[in-house]
Amino acid sequence: MVLVPKFTPELLISAPRRGPAVPNHDGTLALFYQSTHTIGGKTLKEFRVLSIETGESEQLIEDEKARDVLWLGDGSNSVIYLCGGDGGYTWVKLADAGNPSAEPTIVDFIEAPVSALKVRALKGGSIAVVVVGLSDENGNLYNEESDKKQHTARVTEDWEPRIWDSYTKPQKYSIWYSSIVKEDGDWKLNKPLRNVLGGTNLEAPPNMYEPGSHTNEFDISDDAIVFTARDTQVDDPMKTGLTGVYLVSLDSFSEPVTQSAKRIPLQVEIDPRTRTDQGHCSQPRFSPNGSIVGFLRAPNGRSMEQSIFVKLPDSRSAIDVFSMVTGNSWNLFPSGFEFAPSGHALNIRAEDAGRTGLYQVDLQPNAYPRTILRNGSVSAYYPLRRNKDEALFVTSSSLVEPWIYQIVNTDPTLESEAWIVSSASQHSNLGLSPKQVSEIYFEGGGDYIVQAWVIKPRDFDPQQKYPLCLLVHGGPVGAWGDGWSTRWNPAVWAEQGYIVVAPNITGSVGFGMDFAEGVRDSWGSRPYDDLINCLEHVKSMPGIDMENAVAAGGSYGGYMMNWIQGNELGRRFKALVCHDGIFHLPSFMLQTDFVVTDDFFGGPPFMWSNFDGLERYNPARPDLLKNWKTPMLVIHSDKDYRCPITDGLAAYRILKVLGTPARFMSFPDENHFVMKEENSLEWHRQVFAWINKWSGIAEKNLRH
């Protein structure tokens, strides 16, 4: 019998991490990113090629500066990618996945930092190339490293002076295009790159789901580019986060723009507050033949109401797929979609009762989405072979499986099961099992049912006692899903010796509109009541120790740690962990980089016009602060502009003034997420040292 070590933070950090696998044109190979960290050492960052037949892979590119690695798309196994260089320059390189041992070749260089590479094979053999980069005031590609300034002052008149973990720049992000052509057997880049947004007030916004990234915010057809953009001249907090979808037609990817970009109007009701139809639009896509444009739209930025819009060839406006194309409403809300190769159907990713499933809907009247895969959490999906609708190559994960590559049939007449090509458990034994995971349902704070995940130690014995560890997710519009995480991984908490309960309380997505919307003007009410009911439900669970319970949460979950500190529920825990939490709600609304345009608090998010609404669920209310008696670890990062570190410092200071045991941990080089491997390891070590001390697990471990 082989003894497998417990799943520890060290194992979590050092286990190989894989990104989505993208198949080539004929479905024989797939390209993916992998990073492997050596504790106390370096991180190997590489791109690998997977044999879809055997599941084995080999290294193609080992270069920590390589990014945006894509199939070239010309019917070969050539791979194109960008590589950062000295002076801010960007190299365009090619590698041969058919011969991974061969050295990559240089196509050319671009005289500035660019990213979000996208390519498309064109008629005649050339390849369209589109990237995102900064534009100076004259519409030229801007290189910050070559712009020598004698001062460090930042000057702006934007409503948002900083976003995510960076201050906004005077220059705006634009979309740039060109092409590469073959000359004497070698690929060459046509220069200069052309500015799609030159002469306009438009800026390319970052991806809604990937802060700081512009990936997925534009697409290419044979003769056009579709993209999302925001108007930089808008100086209204209710409109600054709104984006539209624009289409620009091109005579050639080697010639300047001759027609101005046109915004695609939407067939929706005009929002009375913003007086526009835009909302927050994202992830624009062309159908394979370029005749249809599709995109996601969240009205007024409300992701829980997000839907898919399409502009059909003969229509002036884009229309909602479910209300105006199929005529059938759907109780799930898409987080992503892609056109099927035929262009007559959409493959959709959506949160679904604690899972992220994959669905397909035909673009025709009376169609209803059918389930393709609803097991774990799907992160990416691609046609297995170009121009074939029947099979998708899917990347997914679960609470105990970091990555799974599998082939899934989409043909409803075929009832074959998914074929797993490769998975983490086939390559390494993390000591985890699906038997550790279960789900429960309990009555919430109102007339509704709440779902929760339960994760137990792998050596769980119902005759023994294990302290409860309650985890509260961020958002508040979010969810705990059956998916892998290297930041908040319930399995690694369970392996410390806890029964982990991760409830999808009010505000969680995947349980219908009413449930997600229930958190509106109820931040400290319905979700708080759900947590109370959760504890009542699990207290009779075999093996659970409620006397030594602990709780933790980040972002909105951190807010909830601060909220329960001041309320009765806080006394039911031996210790709390507050990561990037919100302390003083009224001032937070003015400090955060995220402009809250919703009436989340019964009115505007400003204290002078809605003081009572913001104060109602303010953790820093004087009548609540006197109750802060539960030992708490407060964690924050200097570059977190979503939930600024001042809130963490204030919460910690209150605890110290009151004489409540407290510890403060901060990271000067992290943002809202702790991403660097050694920082993440120390985060876990400090968190577990704290909760294990107060729950009694540390003492129990010493005795054994």
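Numbering (the numbering used here), first residue to last: 3 to 706. Idealized CB from N, CA, C, for every residue including glycine.
Query - Ordered list of beta strand (DSSP E) runs contained in the stretch 485-510, each at least 3 residues - result: Complete beta strand (DSSP E) runs here, min 3: 501-506.
**Report entry** Distance between beta carbons of Leu191 and Val94, contact taken as under 8 Å
**Finding:** At roughly 6 Å, the Cβ-Cβ gap stays under 8 Å, so Val94 and Leu191 are in contact.
Query raised in the report: Alpha carbon to alpha carbon, how far is Ser309 from Phe220?
Result: One C-alpha to the other measures close to 18 Å.
Query raised in the report: Do His282 and Thr245 have their C-beta atoms within less than 7 Å of each other?
Result: With contacts defined as CB atoms closer than 7 Å, His282 and Thr245 qualify as a contacting pair.
**Report entry** Residues near Glu64 by beta carbon distance below 6 Å, same chain, minus five either side
**Finding:** Cβ neighbours of Glu64 within its own chain (closer than 6 Å, five residues either side excluded): Glu48.
Query raised in the report: Does DSSP put Leu195 in a helix, a strand or coil?
Result: Looking at Leu195 - three-state DSSP - the assignment turns out to be coil, as it is neither helix nor strand.
Report task. Could you pull out every residue in the same chain whose Cβ sits closer than 7 Å to the Cβ of Glu60, ignoring the five residues on either side in sequence? Result -> Short of 7 Å from the beta carbon of Glu60, and not among the five residues preceding or following it, lie these beta carbons of its own chain, in chain order: Arg50, Val51 and Pro102.
Query - Status (buried if at least 16 other CB within 10 Å, exposed otherwise) for His346 - result: Exposed, by the Cβ-count rule.
Query - Touch test, the stretch 564-578 against the stretch 615-626, Cβ-Cβ under 8 Å, three pairs minimum - result: Contact holds: three or more Cβ-Cβ distances are below 8 Å.
**Report entry** Under 7 Å between C-beta atoms of Asn389 and Pro315
**Finding:** The answer is no: Cβ separation not under 7 Å.
**Report entry** Distance, Asp28 Cα to Thr328 Cα
**Finding:** Distance between the alpha carbons of Thr328 and Asp28 is about 32 Å.
Query raised in the report: What are the boundary residues of the alpha helix (DSSP H) that Ala518 is part of?
Result: Looking at the DSSP string, the run of the alpha helix (DSSP H) that includes Ala518 is Met515 to Glu519.
Report task. Tell me, to the nearest whole angstrom, how far the beta carbon of Tyr468 is from that of Gly545; I am working on the premise that it is less than 8 Å. Result -> Cβ-Cβ separation between Tyr468 and Gly545: approximately 5 Å, consistent with a contact (criterion under 8 Å).
Query raised in the report: What three-state label does DSSP hand Ala709 in the structure shown?
Result: This structure leaves residue 709 out entirely; the chain is present only between 3 and 706.
Report task. Pull up the distance between the alpha-carbon of Ala577 and that of Arg489, whole angstroms please. Result -> Between Ala577 and Arg489, the C-alpha separation is close to 20 Å.
Query - Top-ranked residue by Cα proximity to Thr230, from Pro286, Tyr179 and Leu143 - result: With distances taken between Cα atoms, Thr230 lies closest to Pro286.
Requested in this report: Check whether the Cβ atoms of Gly560 and Asp582 sit closer than 7 Å, and answer yes or no.
Outcome: Against a cut-off of 7 Å, the Cβ pair of Asp582 and Gly560 comes out as a contact.
Query raised in the report: In terms of residues, what are the limits of the alpha helix (DSSP H) holding Gly560?
Result: Tyr558 to Gln567 is the span of the alpha helix (DSSP H), which, as asked, contains Gly560.
Report task. Could you check what DSSP says for Tyr91 in three-state terms: helix, strand or coil? Result -> Three-state result, Tyr91: coil.
Query raised in the report: Contact between the stretch 628-638 and the stretch 650-667: three or more CB pairs below 8 Å?
Result: Yes, the stretch 628-638 touches the stretch 650-667.
**Report entry** Length of the line joining the Cα atoms of Phe444 and Pro11
**Finding:** Straight-line spacing of the CA atoms in Phe444 and Pro11 works out to 31 Å.
Query raised in the report: Which of helix, strand or coil does DSSP assign to Lys151?
Result: Assignment of Lys151 by DSSP, reduced to helix, strand and coil, places it in the coil class.
Query raised in the report: Residue ranges of each alpha helix (DSSP H) run of no fewer than 4 residues wholly in the stretch 557-644, ordered along the chain?
Result: Within the stretch 557-644, the runs of alpha helix (DSSP H) at least 4 residues long that lie entirely inside it are, in chain order, 558-567, 587-593, 613-618 and 624-627.
Query raised in the report: So Ala481 packs on Ser510, CB below 8 Å; how close in whole Å?
Result: Right, the Cβ-Cβ distance comes to about 4 Å (below 8 Å), so this counts as a contact.
Query raised in the report: Whose C-alpha, out of Ala114, Ser128 and Asn26, is nearest the C-alpha of Gly89?
Result: When the alpha-carbon of Gly89 is set against those of Ala114, Ser128 and Asn26, the nearest one is in Ala114.
Query raised in the report: How big is the Cα-Cα spacing for Lys695 and Arg573?
Result: About 17 Å.
Query - Local Cβ density within 10 Å of Phe613, reported as buried at 16 or more and exposed below that - result: That one is exposed.
**Report entry** DSSP-derived helix/strand/coil call for Gln688
**Finding:** Reduced to three states, the DSSP call for Gln688 is helix.
Report task. Would you kindly report the start and end of the unbroken alpha helix (DSSP H) that includes Gln428? Result -> Gln428 -> alpha helix (DSSP H) spans Ala426 to His429.
Query raised in the report: Around the Cβ of Val4, are there at least 16 other Cβ atoms within 10 angstroms (buried) or fewer (exposed)?
Result: For Val4, the predicted model reports a pLDDT of 49, less than 50, meaning its position is unreliable; a value from the coordinates is still stated below. Its Cβ having fewer than 16 others within 10 Å, Val4 is exposed.
Query raised in the report: What does DSSP give as the partner residues of Asp110 in its beta bridges?
Result: DSSP output for Asp110 lists Val94 as bridge partner(s).
Query raised in the report: In whole angstroms, what is the alpha-carbon distance linking Glu519 and Gly42?
Result: One C-alpha to the other measures close to 45 Å.
Query raised in the report: Under three-state DSSP, which class holds Thr328?
Result: It is helical.
Query - Buried/exposed call for Leu571, threshold 16 Cβ in 10 Å - result: Buried is the call here.
Query raised in the report: Ile165 and Asp547: beta carbons closer than 7 Å?
Result: No, Cβ-Cβ distance for Ile165 and Asp547 is not below 7 Å.
Query - Whole-number beta carbon distance between Asn491 and Leu62, since they are thought to touch under 8 Å - result: Actually they do not touch by this definition, with Cβ atoms about 29 Å apart.
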